[in-house]
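Notes follow once the structure below has been shown.
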Amino acid sequence: MFSNEIAALTKAPIRSLLIQVLNFVTVISTALAMWKGLAVWTNTESPVVVVLSGSMEPAFYRGDLLFLSMPDKPLRVGDIPVYKIPGMDIPIVHRVIEIHDEISTGDQLILTKGDNNDSDDISLYQGPRWMKKKNIIGQVKGYMPYVGYVTIALNDYPKLKYALLGLMGLSLLFQKE
Amino acid sequence: MHSTVQRFNAVTALATSVILCLLAMVGFTSFPIHKPNANVLVNDIKVISGRAQWHMDRRTQDFLETRFDVDVDLSSLFNWNTKQVFVYLSAEYDSKDHELNQAVIWDRIVRRKEDAHVVIKDQTHKYGLRSVNKSFDDVNNVTLTLKWNVMPKVGWLTFGDERGSGSIRVPSKQLGSDGAAVKPQRLYY
């Protein structure tokens with residue numbers, strides 16, 4: 001005898017739930033599409049990186065945001081590439097201080113140094129004397145201060161991460177729409 | 001009625017887009033236009049056999065050493081969006097196996113307009129100038145070029161250079177008075 005009301009009750013939540021799920025999926029996929037589109041456009045796997053160390057101070061501080069693109073021309077001294085040492089996870093952003101263009105292979109021998117470091121990066125390379133083209137994953141083109149500090153804070157203080165997640169969950173629960 | 005969360009959300013969204021727009025405008029309007037004049041003079045050039053004392057590369061090899069003067073006024077590069085100017089002197093040469101070699105031999109970070117007139121007299125190299133094959137026998141000429149990188153407070157990095165010294169002939173390696181090879185020197189790079 002309450003079939004109409006029950007139907008209305010069961011129907012409405014499913015629809016609104018589905019709409020919410022759809023909204024959520026749209027937001028996530030838009031963000032992913034923009035990130036990947038930027039990666040294709042700049043030809044680098046990570047078009048935006050956060051500075052993690054003070055080795056390029058006073059130009060780049062911890063938490064500053066760098067915009068990268070893959071160098072389309074050969075690197076020259078003074079350029080600031082981002083390179084990955086084989087076997088190490090974290091990419092390094094340092095300035096090129098030596099470059100040698102090989103005639104036989106067309107490759108480049110690259111030596112880098114952090115502006116704030118006393119010595120160059122040979123000791124970081126873990127064996128090889130030079131970095132080569134294949135180690136380069138991008139080149140710094142633009143700069144924005146402070147913005148990336150959120151990610152560093154979330155990494156350094158895990159409690160902050162859980163607090164933020166909890167807050168987001170609570171706000172979802174209490175939201176009317 | 002709008003809830004507090006909605007109001008907060010709307011305000012922060014608007015603030016973020018306004019700030020991003022302003023930053024983009026600052027970034028686009030503050031490219032340095034004027035080019036500084038630079039003078040680079042090489043007083044002395046020699047090739048010596050040596051061994052770096054502090055560098056990771058501890059092989060005995062040839063080093064090219066110069067003494068140089070630099071006079072450059074970078075103040076035209078400073079505007080309201082300039083954080084610092086990284087000025088550096090690059091030695092460039094071509095050798096048998098490498099069509100272009102570039103190495104920074106001296107650099108300086110200029111952070112204030114008051115310090116922008118850089119005058120260096122009879123300076124020695126800050127970083128040792130080596131060659132990939134440990135010898136400068138196959139190098140005929142070297143050019144020292146003063147370059148700079150303007151690093152903004154926000155926005156795009158810009159680069160510039162001024163051809164300083166012309167092409168300079170690289171002398172052959174220094175020998176002892178009797179014509180025999182001299183003992184490798186200790187070099188403090």
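Note that the protein sequences, when read in sequence, are chains A and B. Taking the UniProt record's numbering, the leading residue of the first sequence gets 1, the next gets one more, and so forth. Taking the UniProt record's numbering, the leading residue of the second sequence gets 1, the next gets one more, and so forth. Idealized CB from N, CA, C, for every residue including glycine.
- Checking the DSSP bridge columns, you'll see E99/B has no partner listed.
- H55/B is not a Cβ neighbour of S55/A, given a cutoff of 8 Å.
- By alpha-carbon distance to S53/A, the top candidate from M70/A, Y162/A, Y149/A is Y149/A.
- When DSSP states are grouped into helix, strand and coil, M151/B belongs to the strand group.
- In this structure, I85/A keeps its C-beta atom at 8 Å or more from the C-beta atom of V93/A.
- By the Cβ-count criterion, R95/A is buried, with 16 or more other Cβ atoms from all chains shown falling within 10 Å of its own Cβ.
- Within the same chain, Cβ atoms closer than 8 Å to the Cβ of G142/A are found at L66, F67, the five residues on either side in sequence being excluded.
- Annotation: P128/A to L187/B spans about 23 Å, alpha carbon to alpha carbon.
- With a beta-carbon spacing of about 5 Å, L23/B and V154/B fall inside the 8 Å limit used to define contacts.
- In summary, N37/B is exposed, with fewer than 16 beta-carbon neighbours lying within 10 Å of its beta-carbon over all protein chains present.
- Listed in chain order, the positions of the segment 81-93 of chain B with a beta carbon within less than 8 Å of a beta carbon of chain A are K83, Q84, F86, Y88, S90.
- For Y149/A, the secondary structure class from DSSP, reduced to helix, strand or coil, is helix.
- When C-alpha distances from L129/B are compared across I45/B, K35/B, H34/B, T29/B, the shortest belongs to I45/B.
- Think of a sphere of 9 Å around the beta carbon of A103/B: the chain A residues whose beta carbon falls inside it are V77, I97, E98, I99, H100, L111, in chain order.
- Secondary structure of M70/A (DSSP, three-state): coil.
- Contact between the segment 112-130 of chain B and the segment 72-92 of chain B is established, with three or more Cβ pairs separated by less than 8 Å.
- Put simply, the segment 99-109 of chain A touches the segment 99-109 of chain B. At least three CB pairs are less than 8 Å apart.
- Here V18/B is not near L144/B, since their CB atoms are 8 Å or more apart.
- Neighbours of E65/B in chain A, taken as residues whose beta carbon is under 9 Å from its own, are absent, since the nearest beta carbon is some 16 Å off.
- For P158/A, the enclosing alpha helix (DSSP H) covers residues 158-174.
- One Cα belongs to A31/A, the other to S16/A, and the distance between them is close to 23 Å.
- Taking 8 Å as the CB threshold, R112/B stays off the interface with chain A.
- Along the length of the segment 15-69 of chain B, whole beta strand (DSSP E) runs at least 3 residues long occupy 38-52, reported in chain order.
- Note that the C-beta distance between V140/A and L20/B is not below 8 Å.
- With contacts defined as CB atoms closer than 8 Å, R108/B and V87/B qualify as a contacting pair.
- For K141/A, the enclosing beta strand (DSSP E) begins and ends at 136-144.
- At a Cβ-Cβ threshold of 8 Å, I110/A and K132/A count as neighbours.
- Taking 8 Å as the upper bound for CB-CB distance, G63/A and I136/A are not in contact here, some 24 Å apart.
- Here the alpha carbon of W148/B sits roughly 10 Å from the alpha carbon of V77/A.
- Nearest neighbour of G164/B by Cα position, chosen from L146/B, G50/B, F31/B, turns out to be L146/B.
- For the C-beta of V5/B, the chain A residues within less than 7 Å are, from N- to C-terminus, S171.
- As a beta-bridge residue in DSSP terms, G160/B pairs with W148/B.
- Here S167/B is bridged, per DSSP, to T143/B.
- With a threshold of 16 other beta carbon atoms within 10 Å, T82/B meets it and is buried.
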